[in-house]
Amino acid sequence: MTKTIYRLDRRGFLKAGAAAGATAAFGSAPAYAQQRAIKIGYVSPQTGALAGMAEADDFTLQTVMNQIGDGLSIDGRTYPVEILVRDSQSNPNRASEVANELILADEVDLMVVASTPENVNPVADACEINEVPCLSTMAPWQAYYFTRGGTPDRGFDWTYHYFWGSEDLIAVFQNMWSQIDTNKQVGLLFPNDADGNALADAEAGFPPALSAAGYSMTDPGRYQNLSDDYTAFISAFRRDGCEIVTGAPLPPDFTTFWTQAKQQGFNPKIVSIAKATLYPVNVETIGPTAHNLSSEVWWTPTHPFTSSLTGQSGQELAAAYTEATGRQWTQPIGFIHSLFEVAADIMTRAGGPGDYEATRDAMAATNIETLVGPVSWGNGPVKNVTKTPLVGGQWRQTDGGEFPFELVVVSNETAPEVPLGGEMEALA
Amino acid sequence: MDWINAILQGVLVGGLFALFAAGLSLIFGVMRLVNLAHGDLIVLGAFLALAVVTGLGLHPLLSLLIVAPVMFALGYGLQRAILNRTLGKDLLPPLVVTFGLSIIIQNALLEVFSADTQRLQAGPMETASLQMGAISIGAFPLLTFIVAVAVIGGMELFMRRTALGRVFRATSDKAEIVPLMGVNPKQVFAIAMGVSLVICAIAGVLLGVRTNFSPGAGPARLLFAFEAVIIGGLGSLWGTLAGGVILGVSQAIGAKINPGFQILAGHIVFLAVLVVRPQGLFPRTRDK
């Protein structure tokens, strides 16, 4: 289960193999069969706590391999592509272990990785040490960069990242809040983990930015993940009359908090939550009281970009996903797809497999329009990091639609190219 | 008023902890088996209820009519087929086997239900509350607490007043001697495990209505269950309820001081009990 090599689907592979064998037998084979395959290693949390992030893996890999599986054409030669997928089991130690295995035993030409700092950082570290190029996304860049010992003047040699950062999150939340008339009293619900401590940091997190914008805050402190009782937070928020609540809890913790808040009669006007309300399945588990909860939005099918690989628009990709799986689109679909767009582009410009330095230089020189926006490391906040647009959205209950909730973009000041789907509404 | 509210909510959460712990306490009392898969069995109960709820459209609480007998049969079979073979002088084999069981259950659930977080939808009762002066108490946490008291009271009555309960207690005291009286201890153990899993089913359904669960959610629940059992005293069911409530209240008080102390405060009280009174507050089980 953990060792999957995607080469088209199994049947397609057999057919391609038979065809290649046949042509070889007749002695008229082009260089096709002799070229060494481009090996791309992909470490993904397919099982365990982060598995929601990897939900679209099978679909995405199928889509990508349908496009480039029979080969990337580089300088007149066609190189077959192998994507070696390894499950990190949502465990940083395991992620590091399989990354080393991919580097040392499988000798991958390029590593790609996504889905939270817990999954990205150990893989990127393994690549940096072994001097193998690594492309990553889907982790706020500060947690990727500073946690791994990066400094603004000295970055990394082999590892490059594209996503947004906490400054974008703070800006998006403020833009959403300014659309509703409130008393500007904000309750903070941040856990004692990497994201929680970074976002609630008195120097670089929410507090200084909110104070500067005229908000007052109620911050009872950092709680431990998977607590069963949030009465202390609810009492403090109610005492100070908070009309806005923000935080970055895990999904079960937010459900417990929000259920208890409703039971204890605490009804804020705005609840903007990072992380816990990213996916429709998280929102559905909360039930009808999730209507108008707000969250950061990294990608929607309405983002005005197309895939450089398949030419599909976001709408087309999301529709294909729903058709293939019967499930609603989620934000990682666009990003995991883009990861392989950029990977294919890098390998093409690197002139084929086998040269780590050429691959790394090609990665650094990337300038491509992907499904999630432009990726180019020339204009990032620090070396090795470039940012993709972030906007804000609200979950709305649909009236008998295909799925019970839909994510509507309500704030795009940070990225005006993303169309609005509606206006910010206060919670009931 | 805030303090009264915090403590009251802590008591209610304590009911949930006690319910997590009751099944663990029962089987430890009867057969000295430490079941490391207990948390996963609670989550399994929640998933079975989910299957019944989605399949038949029943209310989660009514789904227990189906889930509880299934879990009883599962516990009975599990004990007869596997766990009875591990019991003996050595405490290690059952520990290792139930640890393995825990991993098997998690991965089986992952395979069948995927990694999605799930919840049992119970309608308006999820967020309904009773107003008492300035304090509002959630109807559902209150129900959870009442169920915990009822389950533990019922178990206690069963152990004290029924013939089977007497057999349980006798087996607990001297499993080697009861065969002389015509009792098959293996049968007794299997029934005890079945009852333990029925309690798991009840705890699982209440947990599933209260918050999200996913296949990996079990082990986090096991720790609090263990602490409640140890604080209350091994083998005592009322002690387990007291242990759960003490844990819940100390967490609430810890959180009131600083949210960072919430879980730590529970652990500190647990350690304090271990140091001052290692046998727990109301121990029943006497070991040689």
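Those protein sequence lines, which keep their order, are chains A and B. Okay, so the first sequence: first residue is 118 according to the numbering used here, each after it adds one. Okay, so the second sequence: first residue is 19 according to the numbering used here, each after it adds one. Where a beta carbon is used, it is the ideal one built from N, C-alpha and C, also for glycine. Keep in mind the model is a prediction, meaning the values are calculated, not measured.
- Against chain B, the beta carbon of Gln-380/A has neighbours under 9 Å at Glu-144, Thr-145, Ala-146, Ser-147, Ser-154, Ile-155, Gly-156, Ala-157, Phe-158, Pro-159, listed in chain order.
- Under a 10 Å Cβ-count criterion, Gln-448/A is classified as buried, with 16 or more other Cβ atoms of the shown protein chains found around its own Cβ.
- Contact check for Ser-147/B against Ala-157/B passes: the beta carbons are separated by less than 7 Å.
- In the three-state scheme derived from DSSP, where H, G and I count as helix and E and B as strand, Thr-180/B is classed as coil.
- Using beta-carbon distances, Val-215/A does not count as an interface residue toward chain B, since no partner is under 7 Å.
- Scanning chain B for C-beta atoms nearer than 7 Å to the C-beta of Pro-368/A yields Thr-135, Asn-230, reported in chain order.
- With a cutoff of 7 Å on beta-carbon distance, Ser-425/A and Thr-487/A are scored as near each other.
- Only Thr-376, Gln-377, Lys-379, Gln-380, Gln-381, Gly-382, Val-398, Asn-399, Thr-402, Gly-404, Thr-406 from the region 375-407 of chain A bring a Cβ to less than 7 Å from some Cβ of chain B.
- For the pair Thr-177/A and His-454/A, the Cα-to-Cα distance works out to about 6 Å.
- Across the region 324-343 of chain A, CB contacts with chain B closer than 8 Å involve Pro-337, Gly-338, Arg-339, Tyr-340, Gln-341, Leu-343, in sequence order along the chain.
- Cβ-Cβ distances below 8 Å link Tyr-94/B to Ala-208, Ile-209, Met-211, Gly-212 in the same chain, with the five nearest sequence neighbours on each side left out; the list follows chain order.
- Listed by position along chain B, the residues whose Cβ is nearer than 9 Å to that of Ser-412/A form an empty set, because the closest Cβ is around 16 Å away.
- Judged by DSSP in its simplified three-state form, Met-150/B adopts strand.
- Taking a C-beta distance under 7 Å as the contact criterion, Gly-158/A and Leu-252/A do not qualify as a contact pair.
- Annotation: the continuous beta strand (DSSP E) that includes Leu-189/A extends over 189-191.
- Listed in chain order, the non-local C-beta contacts of Asp-345/A below 8 Å within the same chain comprise Thr-373, local neighbours out to five positions each way being set aside.
- Ranked by Cα distance from Gly-183/B, the first of Leu-74/B, Thr-116/B, Trp-21/B, Gly-47/B is Gly-47/B.
- When Ile-155/A, Asp-175/A, Met-170/A, Ser-161/A are compared, the shortest CA-CA separation from Thr-442/A is found for Asp-175/A.
- Here DSSP, grouped into helix, strand and coil, assigns Thr-363/A to strand.
- Looking at the DSSP output, Thr-423/A shares a beta bridge with Ser-430/A.
- In the three-state reduction of the DSSP assignment, Gly-304/A falls in the strand class.
- The bridge partners DSSP lists for Gly-509/A are Glu-413/A, Ser-528/A.
- In the three-state reduction of the DSSP assignment, His-454/A falls in the helix class.
- At a cut-off of 7 Å between beta carbons, Asp-312/A makes no contact with chain B.
- Proximity of Ser-352/A to chain B, defined by a Cβ-Cβ separation below 7 Å, is satisfied.
- In this structure, DSSP gives Val-492/A an extended state, which the three-state scheme calls strand.
- Boundaries of the alpha helix (DSSP H) around Thr-72/B: 56-74.
- Lys-156/A is bridged by DSSP to Glu-199/A.
- Residues Val-185, Ala-188, Thr-189, Pro-203, Val-206 of the same chain have their beta carbon placed closer than 8 Å to that of Val-196/B, with the five preceding and five following residues left out of the count.
- Distance from the Cα of Glu-534/A is smallest, within the candidate group Val-225/A, Ala-154/A, Val-502/A, Leu-507/A, for Leu-507/A.
- Looking at the backbone, the Cα of Asn-276/B and that of Ile-25/B are separated by about 14 Å.
- Taking C-alpha positions only, Trp-446/A is separated from Ala-246/B by approximately 42 Å.
- The three-state secondary structure of Asp-312/A, taken from DSSP, is helix.
- Taking 7 Å as the CB threshold, Asn-292/A stays off the interface with chain B.
- Of all C-beta pairs linking the region 409-428 of chain A to the region 494-514 of chain A, three or more are shorter than 8 Å, placing the two stretches in contact.
- For Asn-238/A, no beta strand (DSSP E) encloses it; the enclosing alpha helix (DSSP H) starts and ends at 234-247.
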